[in-house]
Amino acid sequence: MGLFDRIREAAAEVADRAQWVTLKTERLDAFANELVPGPAAKTDAGGIPEQDADRADPAHHSREDPESSLAFVLTLDAVNFGSGWFPHLRKRPGASGYFTIAGGLKDHFDRLGPLTPSHLAEIEADECARIFDQAPASAPVSELMELFARSWRDLGSLVSAGFGGSFAGLVKAADNRAEGLVKILGAMPLYRDVEWYGDIEVPFYKRAQITCADLASTFGESGLGRFEDLDAMTIFADNLVPHVLRKEGVLEYDGDLLGRIQAGELIGLGSAEEIEIRALAVHAVERLSAILTARGKPVPPRRLDSILWHRGQSPAIKAEPRHRTRCTYY
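What follows is the structure, encoded as structure tokens:
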């Protein structure tokens, strides 16, 4: 069984046993229609609703040359985590935690050029704080900057030691297979997004999968962005997509869990609650994708993830707290 099918299967098993989160199956048919409306809606060439926020994401824009674009995507996705710390970040005006990080890195690339693998291999937290315009005196922010530095050092060391110092060499080693790139990235500890739910090993590999999607978007699904199995990927299970699904009535949280989330309590990494939130989001979107496919309008989970994530940028959805977990996976 391939890695992406293992993610699906484990998520379905968690859904069968879940105690904290419930999939409201009666809501799926109607919500599928809302996600992918009729032809009168503003859609892209594939019939998918256009996402204005997607066009604003620095990870989805080519830079002045392919090597710089590639370096940007891999460097950004190496620090594409920290939602459990984001309430403590000094954010850019009107920007979320993610767009604060992405914007800070873009500005650095614009001013000084790409961070090279050799530079990344030796980077420290204080330099991360300068790049992202953060105050290291804040204990939570200092902790996050240390993790950013560690993740960048891991990436720099991997590229330097295993791929001749070439970001392109790393991507080419995947042989145009998203699963191949996920496995390469998953060799780094901070990408190893796998938990145990009782006796079930539950992989997610959110950041490794989203790296493939970002490369595909940046390079127009060709060259360094061509992956033959791109549509086999699952959603990129984080804390926003499950929140959107809950707000839309697709997922229902146990009252005690919801109360803790709304009170701002951290949900422990690897806890039953945290695994169920992410796994049921994966399973719900698989069900939505299957419904759309049966209707003759196939939309792979990765595309539904984009639609849901951008729905989550709306003030109405962001106004209510979503679960926060401090980890290096999302």
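Residues in the sequence shown are numbered from 912 upward in steps of one, following the working numbering. Note that beta-carbon positions come from the ideal geometry of N, C-alpha and C, so glycine has one too.
Candidates the options: which alpha carbon is nearest residue i's?
i	options	result
Arg1206	Leu1141, Gly1015, Gly1131 and Val947	Val947
Phe1115	Ala1192, Ser1071, Thr1027 and Thr1129	Ala1192
Arg928	Thr1236, His1019, Ile1188 and Glu978	Ile1188
Ala1040	Thr1129, Arg1061 and Asp1021	Arg1061
Glu920	Arg1235, Asp1216, His1194 and Glu1033	His1194
Gly1170	Trp931, Val1155, Ala1072 and Ser1133	Trp931
Gly1223	Ala922, Ser979 and Tyr1009	Tyr1009
Ala1006	Ser1029, Ala1036, Asp968 and Thr1027	Asp968
Val1161	Leu914, Ala926 and Asp916	Ala926
Glu1185	Val1210, Gly1067, Asp1110 and Tyr1241	Tyr1241
Glu978	Phe1020, Ala943 and Ala923	Phe1020
Glu1112	Ala1183, Ala1201, Arg1198 and Trp1063	Ala1183
Ile1218	Phe942, Lys1117, Glu1057 and Val1093	Phe942
Asp1037	Leu1026, Gly1024, Glu1057 and Arg1022	Glu1057
Gly1166	Trp996, Thr933 and Phe915	Thr933
Asp1044	Asp1065, Gly1015 and Leu1023	Gly1015
Asp976	Asp1140, Asp940, Gly1024 and Lys1094	Gly1024
Glu937	Pro1211, Leu1199 and Leu1066	Leu1199
Glu1033	Leu1069, Arg1022, Pro1047 and Asp1018	Leu1069
Ala1147	Leu1203, Gln1173 and Ala922	Here residue 1147 turns out to be Phe, not Ala, going by the sequence shown. Checked all of Leu1203, Gln1173 and Ala922; the closest Cα to Phe1147 is Ala922.
Does DSSP classify residue i as helix, strand or coil?
i	result
Thr936	helix
Val1105	strand
Arg1001	coil
Glu891	Residue 891 lies beyond the stretch modelled for the chain, which goes from 912 to 1241, so this question has no answer here.
Arg1118	helix
Arg1235	strand
Met1099	coil
Lys1208	coil
Met912	coil
Asp1142	helix
Arg966	Because the pLDDT at Arg966 is just 48, under 50, the model does not fix this residue reliably, and the value given afterwards should be weighed accordingly. Note: Arg966 maps to helix in three-state DSSP.
Asn1150	coil
Leu1197	Rather than Leu, the amino acid found at residue 1197 in this sequence is Glu. Correct three-state label for Glu1197: helix.
Pro1243	The question about residue 1243 has no answer, for the chain in this structure spans 912 to 1241.
Ala922	helix
Asp1216	helix
Asp955	The pLDDT assigned to Asp955 is 48, lower than 50, so where the model puts this residue is not dependable; a value taken from the coordinates is nonetheless given after this. DSSP places Asp955 in coil when its eight states are reduced to three.
Gly995	coil
Ser1225	coil
Ala1192	helix
Leu1181	Note on identity: in this sequence residue 1181 is Gly, with Leu being the wrong assignment. Three-state DSSP puts Gly1181 in coil, outside helix and strand.
Pro1047	coil
Gly1076	coil
Gly1131	coil
Ala941	helix
Ala929	coil
Leu987	helix
Arg1157	helix
Val1093	helix
So the alpha helix (DSSP H) residue i belongs to, where does it begin and stop?
i	result
Tyr1009	Gly1008 to Leu1023
Ala1085	Per DSSP, Ala1085 belongs to no alpha helix (DSSP H) and is neither H nor E.
Trp1063	Ala1050 to Gly1073
Arg1041	Ala1036 to Ile1042
Leu1031	Pro1028 to Leu1031
List the whole-angstrom C-beta distance separating residue i from residue j, where the pair is believed to meet the contact cut-off of C-beta under 8 Å.
i	j	result
Ala1089	Phe1074	That belief does not hold up - the Cβ atoms of Ala1089 and Phe1074 are roughly 18 Å apart, past 8 Å.
Arg1213	Met1144	5 Å
Ala1013	Phe1078	Wrong, their Cβ atoms sit about 18 Å apart, outside the cutoff.
Ser994	Asp1149	7 Å
Ile1178	Thr1236	5 Å
Ser1071	Pro1028	5 Å
Val1082	Leu1031	That pair is no contact at about 16 Å.
Trp1220	Val1152	6 Å
Asp1125	Leu1101	Going by Cβ atoms, the distance from Asp1125 to Leu1101 rounds to 17 Å, so no, they are not a contact pair.
If I follow the unbroken beta strand (DSSP E) through residue i, where does it start and stop?
i	result
Val1113	Ile1111 to Pro1114
Leu1162	Leu1162 to Tyr1164
Is the shortest distance between the beta-carbon of residue i and the beta-carbons of chain C less than 7 Å?
i	result
Thr986	The question asks about chain C, but that chain is absent: this structure has only one protein chain.
- [ ] Specify whether the segment 1050-1057 and the segment 991-1002 touch according to this definition: at least 3 beta carbon pairs, one from each stretch, less than 8 Å apart.
- [x] yes
TODO: Could you tell me whether the segment 983-992 touches the segment 1226-1237, using the rule of 3 or more Cβ pairs below 8 Å?
DONE: Output reads no: the segment 1226-1237 does not touch the segment 983-992.
Open item on the list: If contact is defined by three or more beta carbon pairs under 8 Å, each pair taking one atom from either stretch, is the segment 1155-1166 in contact with the segment 1094-1113?
Closed with: no
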